[in-house]
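To start, the structure under review is shown below, and the notes come after it.
Chains as they are written, first to last, in the numbering used here: chain A, 1 to 268; chain B, 1 to 268.
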C-alpha cells in the first residue's frame with residue numbers, strides 16, 4: 001500500500017504538488033482493485049459495528065471538492081457494505097435563511113455524529129471559507145478568524161471523542177469538463193446538472209487558491225487534511241476507504257468483554 | 001409471489017390471525033431466497049435513485065416490533081444495496097427531557113423524510129400508544145385521542161407527498177426467548193442485551209393487546225399497517241423488501257425527460 005504522507009497537507013502546501021491523475025493507491029488489475037474496495041467496505045462495516053458496540057467514540061468524514069469531484073460516489077462505494085443504521089450523511093447546500101441567521105458552524109454542530117456513529121459530510125463548514133472568499137464577501141482578517149474558529153471547533157470534536165478525517169477530492173479542470181458534459185449529454189443524468197455549476201467553473205483558479213489557503217490553515221495535528229487524487233474514481237474510492245479503515249483500526253476497539261453478571265442467566 | 005392482502009390490518013384485526021412462523025413469501029431454496037433479497041435490494045436502490053431524480057416525493061418506512069423482532073436486521077438487509085445518501089434512519093428511544101417537554105409527535109415530525117429520501121423509523125410515534133397504554137399512564141379516552149392524532153399526522157404526510165409503509169415485525173414469545181438467550185450467551189452480542197428487555201418481556205400479553213388495538217385503529221386507507229411474520233429472518237427481509245419495492249413501483253417514477261435547454265450545450 002502507498003503511503004498517505006505525501007497527501008497529508010502540511011505547512012507549505014501547494015495544491016500543484018498533487019497530480020489529480022495520480023493512482024498510487026491502485027494496485028493490480030481492475031478486478032483486483034474492485035475486490036479490494038469491496039474487502040475494505042466489509043472491514044469498514046465490521047469496524048463500525050465495533051464502534052457502535054463500544055458506544056463511546058464517533059467518526060466524522062468530511063468530503064470537500066469541486067462540482068463533479070465525486071463526493072456522492074465516494075459515499076456510495078466506500079459505504080457499500082455498511083448498514084444505514086451506523087452511517088449518517090449530511091449534505092450542506094447554500095445556507096437557508098434559518099441557517100444564515102446563526103453563525104456558520106451552527107448547522108454543522110447540529111449534525112455531528114452521535115456515539116457509535118460515522119457521520120459523512122458532503123460539503124461542510126469549509127464552504128464558508130471557500131465561497132465567501134472567492135466571492136469577496138469576507139476580507140483576509142475575517143477569513144483568518146474563521147480558520148481559527150474552525151480549528152477550535154474541530155479540536156472540541158476531537159477532544160470529546162470524535163476521529164475527524166478530512167478529504168479534498170482533487171480533480172483537474174479537464175476532468176470536470178468531461179463529467180459536466182456527460183451530465184448534459186445523458187438524459188438520465190441531466191437532473192444532476194445545474195447552470196450554476198458552469199458559473200462556478202469559470203472561477204476555477206480562485207477556488208483552487210481558496211482551497212490551498214484553507215487546507216493549509218486547517219490541516220491541524222488533531223484533524224489533518226488529505227488531498228485525494230480523484231480523476232480516477234476507483235483510485236478515489238480505494239484511497240478514501242483505506243484512509244478510513246486505517247483511522248478506525250487505530251482507534252483499537254476492544255471486543256466487548258463477557259459480562260459476569262450475565263453468566264449462566266436463563267431467559268424464561 | 002404471495003399476496004399482501006392477508007397481512008394488511010383491517011377493521012376486525014386479531015394478531016392471532018397471523019402466524020409468526022409463516023413463511024409465505026419464501027420461495028425456492030435458501031440460495032434462491034438470498035438471491036431474491038439481493039435482487040430486491042438492487043431494485044430498491046434503482047427506485048430510490050428515481051425518487052431522488054424526480055425530487056418531489058418521499059417515502060417513510062415505519063418499523064415496530066417487540067425487542068429482538070429484527071428491526072435493525074431489516075434495515076441492514078433491505079437497504080444493503082442502497083447508498084446511505086438516500087436512506088435516513090431514525091431510532092426512537094425513551095424520550096429525552098427535551099422531547100418530553102413537547103407533544104409526542106414533535107420528535108417524529110423533526111425527522112420526516114425530505115424530498116427524494118427514504119426515511120426508516122426504528123420504532124416511532126407508535127411507542128406512545130404502546131408503552132403508556134401497557135404501563136397505565138394514559139386512559140382509554142386519551143389513547144383514542146392519540147390514535148386520531150396519529151391518523152391526522154400521517155394524513156398530512158401522505159397528502160404532502162409521502163408514501164407511508166408501516167410494518168409490525170411479528171415474532172412469538174419463544175422466538176424472543178431464544179434471541180435474548182443468544183445475546184446473553186454470546187460475548188460479542190451482550191452489549192445488545194439490557195435487563196430492561198426482560199422486564200418488558202414479562203408484559204408480553206399486554207403488549208400484544210396494545211399492538212392489536214393500535215394497529216386496528218391506525219391502519220388507515222392512506223397508511224395501512226402490515227403484520228410481518230418474523231420468526232424467520234429471511235422471510236421478514238423478503239416480505240418487507242417486496243412490500244417496499246411494490247410501493248415504490250406504484251409511485252410510477254418517470255425517467256427524467258431530456259431538457260431541451262441543454263441540447264447541444266458544450267462545456268468549456
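Built from N, CA and C at the ideal position, the CB exists for glycine as well.
Nothing here was measured: the structure is a model prediction, and the numbers come from that model.
Just to make sure I have the definition right: I need the residues of chain B whose C-beta is within less than 7 Å of the C-beta of residue 165 (chain A). Which are they?
The contacting residues do not exist; residue 165 (chain A) stays about 16 Å from chain B at best.
What residues in its chain sit with their C-beta under 6 Å from that of residue 230 (chain A), if we drop five residues either side in the sequence?
69, 70, 169, 170, 171 and 236
Answer with buried or exposed for residue 120 (chain A), where buried requires no fewer than 16 other C-beta atoms within 10 angstroms of its C-beta.
By the neighbour-count rule (16 or more Cβ atoms within 10 Å), residue 120 (chain A) is buried.
Using a Cβ distance threshold of 8 Å, determine whether the segment 234 to 252 of chain B contacts the segment 39 to 57 of chain B, with at least three qualifying pairs required.
yes
If we count the other Cβ atoms within 10 Å of its Cβ and call it buried at 16 or more, is residue 210 (chain A) buried or exposed?
buried
What are the boundary residues of the beta strand (DSSP E) that includes residue 59 (chain A)?
58 to 65
Can you check whether the CB of residue 161 (chain B) is closer than 8 Å to the CB of residue 88 (chain B)?
no
Could you please give the first and the last residue of the uninterrupted beta strand (DSSP E) stretch that includes residue 162 (chain B)?
162 to 170
So, do the segment 197 to 209 of chain A and the segment 171 to 186 of chain A have three or more beta carbon pairs nearer to each other than 8 Å?
Two segments are said to touch when three or more pairs of C-beta atoms, one from each, lie closer than 8 Å; by this definition the segment 197 to 209 of chain A touches the segment 171 to 186 of chain A.
Does DSSP put residue 137 (chain B) in a helix, a strand or coil?
coil
Excluding the 5 residues preceding and the 5 following residue 124 (chain A) in the sequence, name in chain order all residues of the same chain whose CB lies nearer than 7 Å to its CB.
62, 64, 92 and 108
Buried or exposed: which applies to residue 17 (chain B), given that a residue is buried once 16 or more other Cβ atoms fall within 10 Å of its Cβ?
The residue in question, residue 17 (chain B), is exposed, as its Cβ has fewer than 16 Cβ neighbours within 10 Å.
Taking residue 253 (chain B) as the query, report the chain A residues whose CB atoms sit under 8 Å from its CB, ordered along the chain.
Those within 8 Å of residue 253 (chain B) in chain A number zero; the least Cβ separation is about 12 Å.
Using DSSP's beta-bridge definition, name the partner residues of residue 118 (chain A).
According to DSSP, residue pairing for residue 118 (chain A) in a beta bridge involves A:59 and A:87.
Give every residue of the same chain whose Cβ lies closer than 6 Å to the Cβ of residue 175 (chain A), excluding the five residues on either side of it in the sequence, and list them in chain order.
Cβ-Cβ distances below 6 Å link residue 175 (chain A) to 231 in the same chain, with the five nearest sequence neighbours on each side left out; the list follows chain order.
Over what stretch of residues does the alpha helix (DSSP H) that includes residue 37 (chain A) continue unbroken?
DSSP places residue 37 (chain A) in the uninterrupted alpha helix (DSSP H) bounded by 30 to 54.
Determine the burial state of residue 187 (chain A): buried for a count of at least 16 other Cβ atoms within 10 Å of its Cβ, exposed for fewer.
Around the Cβ of residue 187 (chain A), a 10 Å sphere holds fewer than 16 other Cβ atoms; the residue is exposed.
Measure the CB-CB distance between residue 158 (chain A) and residue 165 (chain A) and report whether it falls below 8 Å.
no
Which complete beta strand (DSSP E) runs does the segment 1 to 30 of chain A hold, if anything under 3 residues is left out?
none
Just confirm the distance between the C-beta atoms of residue 32 (chain A) and residue 2 (chain A), as a whole number of angstroms; I'd bet it's less than 8 Å.
With a Cβ gap of about 15 Å, residue 32 (chain A) and residue 2 (chain A) do not count as contacting.
Would you mind working out which of A:241, A:99, A:114 and A:148 sits nearest residue 215 (chain A), comparing C-alpha positions?
For residue 215 (chain A), the nearest C-alpha among the options comes from A:148.
Going along the chain, which residues of its own chain have a beta-carbon closer than 6 Å to the beta-carbon of residue 7 (chain B), five neighbours each way excluded?
Closer than 6 Å at Cβ, skipping near neighbours: 226 and 227.
Between which two residues does the alpha helix (DSSP H) carrying residue 78 (chain B) extend?
71 to 78
Decide if residue 266 (chain B) is buried, meaning its Cβ has at least 16 other Cβ atoms within 10 Å, or exposed.
exposed
What's the gap between the Cα of residue 21 (chain A) and the Cα of residue 15 (chain A)?
If you take the alpha carbons of residue 21 (chain A) and residue 15 (chain A), they lie about 13 Å apart.
Do we get a CB-CB distance below 8 Å when we pair residue 64 (chain A) with the residues of chain B?
no
Considering residue 245 (chain B), what are the terminal residues of the alpha helix (DSSP H) in which it resides?
That run of the alpha helix (DSSP H) goes 233 to 250.
Taking Cβ positions only, does residue 76 (chain A) come closer than 8 Å to chain B?
yes
Beta-carbon separation of residue 78 (chain B) and residue 244 (chain B) under 8 Å?
yes
Tell me, to the nearest whole angstrom, how far the beta carbon of residue 154 (chain B) is from that of residue 223 (chain B); I am working on the premise that it is less than 8 Å.
4 Å
Output, in sequence order along the chain, the residues in the segment 172 to 190 of chain A whose CB is closer than 7 Å to any CB in chain B.
177, 180, 181, 184, 187, 188 and 190
Quick one: which chain B residues come within Cβ less than 8 Å of residue 169 (chain A)?
For residue 169 (chain A), there are no C-beta contacts with chain B under 8 Å, since the nearest C-beta of that chain is about 15 Å from it.
Return the bridge partner residues of residue 266 (chain A) from the DSSP annotation.
Residue 266 (chain A) is not bridged to any residue.
Quick one: residues in its chain with C-beta nearer than 6 Å to the C-beta of residue 239 (chain A), no 5 flanking neighbours on either side, listed in chain order?
25 and 228
Assuming residue 122 (chain A) contacts residue 75 (chain A) (C-beta within less than 8 Å), just tell me the rounded distance between them.
Separation of the CB atoms of residue 122 (chain A) and residue 75 (chain A) is rounded to 7 Å, and the pair is thereby assigned contact status at 8 Å.
Name, please, each residue of chain B whose Cβ falls closer than 9 Å to the Cβ of residue 131 (chain A).
By Cβ distance, chain B contributes nothing, its closest Cβ being about 21 Å from residue 131 (chain A), past 9 Å.
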